[in-house]
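Note that the protein sequences, when read in sequence, are chains X and C.
Position 182 (the first sequence) corresponds to 182 in our numbering; numbering is contiguous.
Position 142 (the second sequence) corresponds to 1142 in our numbering; numbering is contiguous.
Glycine included, each C-beta is placed from N, C-alpha and C at the ideal position.
As the structure is a computational prediction, the values presented were derived from the model and not from experiment.
Beneath this line is the structure, given in structure tokens, with notes to follow.
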Amino acid sequence: MSLLQLKNISKIYGELKALDDISLEVENGEWLAIMGPSGSGKSTLMNIIGCMDKPSLGEVILDGRDIAKESDKGLTEIRRDKIGLIFQQFHLVNYLTAVENVMVAQYYHSMPDEKEALEALERVGLKDRAKHLPSQLSGGEQQRVCIARALINHPEIVLADEPTGNLDEANENIVIDIFKQLHKEGTTLIVVTHDPEVGEVAQRMIVLDHGRIKENTINKNFGNT
Amino acid sequence: MIKGAFTRQWKKMIMIALTVALGTSLATAMLNVMMDVSDKVNQELKTYGANITVVPKSASVMDSLYEIENGADDGAYLKESELGNIKTIFWAFNIVDFAPFIDTKATVSADSGEKEITLVGTWFDHHLELPTGETLNTGVRSLRTWWDISEGDWLSEQTYTGTEKPCMVGEGIAKTLSVKSGDIITVSTTHGSERLYVAGIFSSGDTADDEIYASLDTVQALSDKDGLLSSIEVSALTTPDNELAIKAAKDPGSLTIAQYETWYCTAYVSSICYQIQEVITDSVASPVRQVADSEGAILEKTHLLMVLITILSLVGSALGITNLVTASVMERSSEIGLLKAIGAKNGAVSALVLTEVMITGIVGAVIGYFAGFGFAQIIGQTVFGSSIEMKLFVIPIVAVLVIAVVLAGSLPAIRMLLRLRPAEVLHGR
């Protein structure tokens, strides 16, 4: 059974259909890129997959649970236990150090463990910057802290929203390399992006247009890049 | 995280702490003054004389029947030997001063002529050995503080060493008979006569201006009433009357046991009167209503004013906290949205914000408490000319008020926080 199943979901805001009858399945360990122009419904789809919103119509089955029927409290628990979120704007707590930002996710999941948080930072190459505040880190470094925070609780799905949107090429490559490593380790990755370079390294890519899936293609060269 | 919030957001926290400190300081000052103001106002009002009079029971009946104030009649007197018992009642510490009185008709003779007058015997600054072993200096010098001594000085029982017994003469008589301080006058009654030394001439603005005041034993001897008194005036610190006190004043027997105990153990003027009657044989103690009612009215209005200032200062503080915490939550909406996104439940995020505000509030409250106590001292010195006593029970009251104000002030921010959806703040949708 697929890890994530979207069955005929729609998201309607007044007269606007942000998502229109979308069906999608994501397998465990798969790396999926969701692409499309602005206004195509990428962020709306990400919010629904990330359990931050519910569809107006349809079913979203994540690990056997229909999130459309979950309460806000239930959605919070699913986010906490199963999803690691990576944001374009990083969203680090500005008065906490890098390691403390990672530990925040541990705090709301189980117990803060500084050693484990430092290991997560080491994994993204930032152990030596652990005690720095976000304002003392570059954009790429902040994004890597954000990735470490997303990974710290060993989520079933890592959901990244434009993870390279604010990064230069060098940092973009670092982030892509981290994603490749995560995929090798069996992590399920869903990356929302409008950057073709990021989309093309994924195992599968869907393209949204006006709330519908316009393309759904398997990357035949996956693993060769 | 909370530590981080404090160490790196200290400017915001200081603003919240200062707001709480301001409200707390005003509340502390007002509560301390309010708790102490009863005693202060009571002390101020003691300058207007006694607030309780004690007369023999039969004289009281006559007063009630004929609405006259004769004090004792010929057949009923109080016993001087029981005077000290007044300081043994439950509210003994509230008895500030008291003075016994006995009066008789007499003829006064001076160089310029004679006149029929009322001769009053009393204590001026009497040194009293109490049954409890304590000592007390009391008398009309403390009770008649409004007397203006136009000539000579107050009669001092303790320091007077002359051969003639001393007296104080009312200004009316002094003018009529051209008596001056230092003169010797003769007073005669049906039981004898006595040469008295005029220690001072006083002006009271009432009927006492036509009376002569001498020491108690002198008048008792001249009226053949050794050890007897016609009345006692008592100045006591009292609590303003309430419904219970009014009910008890009419008939203490109508109270339940619990009501009786509450009334008896509260310094109502009626309760103190009742207790005085218990220790002075065949007496009726009654409040001087004008004084007692004035005290009650002034105290009630002062309390009301203080309570209003306290409430307003706390409401102001709550509004300030509301603004600051709401602004803080709005400013941190992205952070709060993130916390919710990574799994923080509403309760956890609310607890985080409340903990930050509460710790800040406690720091502000401690600062505000001591600042408020300082304000109370300034008020005490400025208004009453004395310090305000630190009332320990104000601390828990202030603590409860601060918690209530901080919670109330944080409520709008918490409501906003609960409505905040991670998708909206993180993705603008």
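Exposure of residue i, with buried meaning 16 or more beta-carbon neighbours within 10 Å
i	result
S1328 (chain C)	buried
C146 (chain X)	buried
P134 (chain X)	buried
F1093 (chain C)	exposed
R79 (chain X)	buried
G1308 (chain C)	In the sequence under discussion, the amino acid at residue 1308 (chain C) is Leu, which differs from the Gly named in the question. It counts as exposed.
G1343 (chain C)	buried
W1010 (chain C)	exposed
G1200 (chain C)	buried
I1272 (chain C)	buried
F1393 (chain C)	exposed
D1111 (chain C)	exposed
H154 (chain X)	exposed
A226 (chain X)	This structure cannot settle anything about residue 226 (chain X), because the visible part of chain X is limited to 1 through 225.
P55 (chain X)	buried
A1404 (chain C)	exposed
Y95 (chain X)	buried
S1081 (chain C)	exposed
I1257 (chain C)	exposed
Supposed close pair residue i, residue j - CB separation, criterion 8 Å
i	j	result
G1121 (chain C)	I1102 (chain C)	5 Å
A33 (chain X)	V191 (chain X)	5 Å
I22 (chain X)	R212 (chain X)	7 Å
Y1268 (chain C)	A1285 (chain C)	Incorrect: roughly 12 Å between the Cβ atoms, too far for contact.
L1222 (chain C)	P1100 (chain C)	About 15 Å; that fails the 8 Å criterion.
I1321 (chain C)	I1016 (chain C)	6 Å
S1231 (chain C)	V1054 (chain C)	6 Å
W1123 (chain C)	F1202 (chain C)	That belief does not hold up - the Cβ atoms of W1123 (chain C) and F1202 (chain C) are roughly 16 Å apart, past 8 Å.
M1306 (chain C)	V1033 (chain C)	6 Å
M46 (chain X)	L151 (chain X)	Not quite, the Cβ-Cβ distance comes to about 18 Å (not below 8 Å), so this is no contact.
is_contact[residue i, chain C] using C-beta, thresh 8 Å
i	result
H91 (chain X)	yes
H109 (chain X)	yes
N47 (chain X)	yes
T76 (chain X)	yes
K73 (chain X)	yes
Beta-carbon neighbours of residue i, restricted to chain X and to distances below 7 Å
i	result
E1335 (chain C)	V93
A1423 (chain C)	N47, M52, D53
Chain X within 8 Å of residue i, Cβ atoms only
i	result
L1426 (chain C)	yes
G1343 (chain C)	yes
P1240 (chain C)	no
K1040 (chain C)	no
L1338 (chain C)	yes
A1348 (chain C)	yes
I1321 (chain C)	no
Interface residues of chain C facing residue i [CB-CB closer than 7 Å]
i	result
L126 (chain X)	By Cβ distance, chain C contributes nothing, its closest Cβ being about 18 Å from L126 (chain X), past 7 Å.
F87 (chain X)	L1426
Contacts of residue i in chain X (Cβ-Cβ under 8 Å)
i	result
A1413 (chain C)	Simply none; closest approach about 18 Å.
Within chain C, the residues that residue i reaches when beta carbons sit closer than 9 Å
i	result
R79 (chain X)	K1340, A1341, I1342, G1343, P1422
Next item on the list: Give, in chain order, every residue of the stretch 98-123 of chain X whose Cβ lies closer than 8 Å to some Cβ of chain C.
Entry: E100, V104, A105, Y107, Y108, H109
| query | According to a CB-to-CB cut-off of less than 7 Å, which residues of the stretch 1372-1397 of chain C neighbour chain X? | reply | The stretch 1372-1397 of chain C vs chain X, Cβ under 7 Å: nothing.
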